[in-house]
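Residue numbers (this note's numbering), protein chains in the order written: chain A, -7 to 498; chain B, 5 to 151.
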């Protein structure tokens, strides 16, 4: 039975089209990751409309491979210009940039590539093997458990709220409220439609995503279009390549950090940035006396890079098995899965097994694609980071507009995107974080409908949430996670500030 | 010119304002639910969000005024006017959009470049070509009906 599913998945996966889209996804991901100010989530959001007419497997393969590519891409600018392309690559610059300054940029980039591939591979394998098992347990969930799960997912807001959890809650409330727009599926009543028929089906999540992540950022870039130029790779010096000894020396660090990354990535609300700092600290703690971290130590690149890529695919574990987006990219990918007709959550593997396995095996394959692109196209990627910011801003704005219109051939989606671009820009001025809006939009309706169903099941008794063990466990876990995430985030902020302080001194 | 404001204090007032507006809108925008709902109606979540906003707003104000937990932010008016002007451009674009995707988006692309003070004519040509290419890609390849 299982073998049949795998064979069917492989049949769907092994096509020329899929190989092409994997390559395109990785390529775009690396570019977006390597340009400071852009990131994988922006790339996925902007390119999502281009996948509407594609089949499900290639469309999802392209989007997840953008995610993987962007994570590696972040290390390019970290190493070459001492500016992390993504948050997850912040720890990489600690030894990556010093190694670059020591005349070995290519060796540093090669190490980042190998470590990223190892981390990504382990993470993808964890996703492939653990997701179906978790899913088997989760399939027994009823409405009360789903409600508790949605609450658990909303607790991620605690870690993505930046300086103020209150502001995160306010943003999350906006997302929940947005999700109520349209026809209420339980009562049939309309909510916040203002008499506009086009709002009866609700506000499309992708329009909001494009507005919040892309347009708001572009409005900000109008004021800051200074050239962010990545230094060219210096002339390759003799020995400026990674050696077999380097790989041999760093392999235990890479493996350990990859598992750290995969474990942390699977916890909702964490992600690559936390994983990379923890792995870096762990590698530093275990360092031998001749290994000088912070001065271009090769393990100082191997550890964070394998950890942040180790966290990538693992972030999808709670998404695919429980329907809980662990971070913002997962929330965007949730939108992508939904738009392609897949309902993520416990029933995903039962309902769409071959299709999901095709994507999961594709995640493993994409790590090899990333390795080969990194190996042979690295100089091209470095050149592309020189793309003028003014041209890039304008190109992204028009691409977003085309994408928003393509969502449903409706001007309304373009208006919603532009409106939320403006709102998100103003929110930035008051330090309201944008990520909770997405979490609220995704999890709000799940919480609401399952709360109603649960109360119907219990004839109005709220004790249903504490008398069912799994449900109660999730509610307890929600509180525990909020406390852990807040503490962890404070620790990470301190570590980042310390590292950034050190960076500015340089 | 610069405007200084306290982030938490301003956010607190905005949040309370939003909560009040939301609670006024709920009865106007959502009908009464007569189904068996055990206290949870179509209005419950919107009212809960309004209450959350008011509560968070009050705590933010308390944090700012009494606990002195706040950050003074500086708004550079000249810079922000540019952003506001660009938002107006987006508004004009949304009005022009009815005339068709191609022309309106070409207008937006060119104006965006102008806003970034781009002097390279080639970039303007590239943007015009890009809009045309996107139009053809969506219409001919992805079979999306562009107006």
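Glycine residues also receive a C-beta, built at the ideal position from the N, C-alpha and C atoms.
Practice task
Out of A:114, A:85, A:204, A:338, point me to the one whose CA is closest to residue 311 (chain A)'s CA.
Solution key: A:338
Handout entry: chain B contacts made by the region 394 to 406 of chain A, where a contact means CB separation under 7 Å
Key = 394, 397, 398, 401, 403, 406
Practice task
Kindly give me the distance between the Cβ atoms of residue 400 (chain A) and residue 171 (chain A), rounded to whole angstroms, as I take these residues to be in contact under 8 Å.
Solution key: At roughly 17 Å, the Cβ-Cβ gap does not stay under 8 Å, so residue 400 (chain A) and residue 171 (chain A) are not in contact.
Handout entry: residue 1 (chain A) to residue 50 (chain A) span [Cα, whole Å]
Key = 12 Å
Problem - alpha helix (DSSP H) segments (min. 4 residues) lying fully within the region 4 to 76 of chain A - result: 8 to 26, 32 to 39, 48 to 73
Exercise for the section: Measure the Cβ-Cβ separation of residue 19 (chain B) and residue 34 (chain B) and say whether it is below 8 Å. Expected result: no
Practice task
Determine the direct distance from the alpha carbon of residue 442 (chain A) to that of residue 136 (chain A), and round the result to whole angstroms.
Solution key: 6 Å
Handout entry: Within chain A, the residues that residue 102 (chain B) reaches when beta carbons sit closer than 8 Å
Key = 403
Exercise for the section: Would you decide whether residue 125 (chain B) is buried or exposed? Buried here means 16 or more other CB atoms lie within 10 Å of its CB. Expected result: exposed
Problem - For residue 304 (chain A) and residue 80 (chain A), the rounded distance between their alpha carbons - result: 10 Å
Handout entry: Cβ-based contacts, 7 Å cut-off: residues of the region 114 to 125 of chain B near chain A
Key = 116, 117, 119, 120, 122
Exercise for the section: May I ask you to report which of helix, strand or coil DSSP gives residue 6 (chain B)? Expected result: strand
Practice task
Measure from the alpha carbon of residue 424 (chain A) to the alpha carbon of each residue in A:112, A:162, A:255, then state which is nearest.
Solution key: A:162
Problem - Paired residues, beta bridge with residue 174 (chain A) - DSSP - result: A:183
Problem - Pair within 8 Å by beta-carbon distance, residue 299 (chain A) and residue 249 (chain A) - result: yes
Handout entry: residue 76 (chain B), enclosing beta strand (DSSP E) - first and last residue
Key = 76 to 80
Handout entry: Between the CA atoms of residue 33 (chain A) and residue 43 (chain B) - distance to the nearest angstrom
Key = 39 Å
Practice task
Indicate whether at least one CB of chain B lies closer than 8 Å to the CB of residue 147 (chain A).
Solution key: no
Practice task
Decide yes or no for the touch test of the region 196 to 203 of chain A against the region 30 to 48 of chain A: beta carbon pairs closer than 8 Å, at least 3 of them.
Solution key: yes
Problem - residue 18 (chain A) beta carbon less than 8 Å from that of residue 61 (chain A) - result: yes
Problem - Residue closest to residue 246 (chain A), alpha-carbon to alpha-carbon, out of A:379, A:258, A:259, A:267 - result: A:267
Practice task
Count the C-beta pairs between the region 447 to 467 of chain A and the region 343 to 357 of chain A that are closer than 8 Å, then say yes if the count reaches three, no if not.
Solution key: no
Handout entry: Bounding residues of the alpha helix (DSSP H) (the contiguous stretch that carries residue 78 (chain A))
Key = Counting along the chain, residue 78 (chain A) falls outside any alpha helix (DSSP H), and DSSP gives it neither H nor E.
Exercise for the section: Could you check what DSSP says for residue 38 (chain B) in three-state terms: helix, strand or coil? Expected result: coil
Problem - Proximity to residue 37 (chain A) [Cα-Cα], best of A:58, A:366, A:381 - result: A:58
Problem - Rounded C-alpha distance that separates residue 101 (chain B) from residue 214 (chain A) - result: 21 Å
Practice task
Would you mind sorting residue 38 (chain B) into buried or exposed? The rule is 16 or more other CB atoms within 10 Å of its CB.
Solution key: exposed
Problem - Residue closest to residue 135 (chain B), alpha-carbon to alpha-carbon, out of B:81, B:105, B:67 - result: B:105
Problem - Proximal residues of chain B, C-beta to C-beta of residue 424 (chain A) below 8 Å - result: 15
Problem - DSSP state of residue -1 (chain A) mapped onto helix, strand, coil - result: helix
Problem - Boundaries (first-last residue) of the alpha helix (DSSP H) holding residue 392 (chain A) - result: 381 to 400
Handout entry: Where the alpha helix (DSSP H) through residue 363 (chain A) begins and ends
Key = 340 to 376
Handout entry: Uninterrupted beta strand (DSSP E) stretches inside the region 226 to 256 of chain A (no shorter than 3 residues)
Key = none
Handout entry: Residue of B:8, B:98, B:56 minimising C-alpha distance to residue 168 (chain A)
Key = B:56
Handout entry: Proximity winner among B:86, B:131, B:79, relative to residue 107 (chain B) (alpha-carbon distances)
Key = B:131
Practice task
Spell out whether any CB of chain A is found under 8 Å from the CB atom of residue 107 (chain B).
Solution key: no
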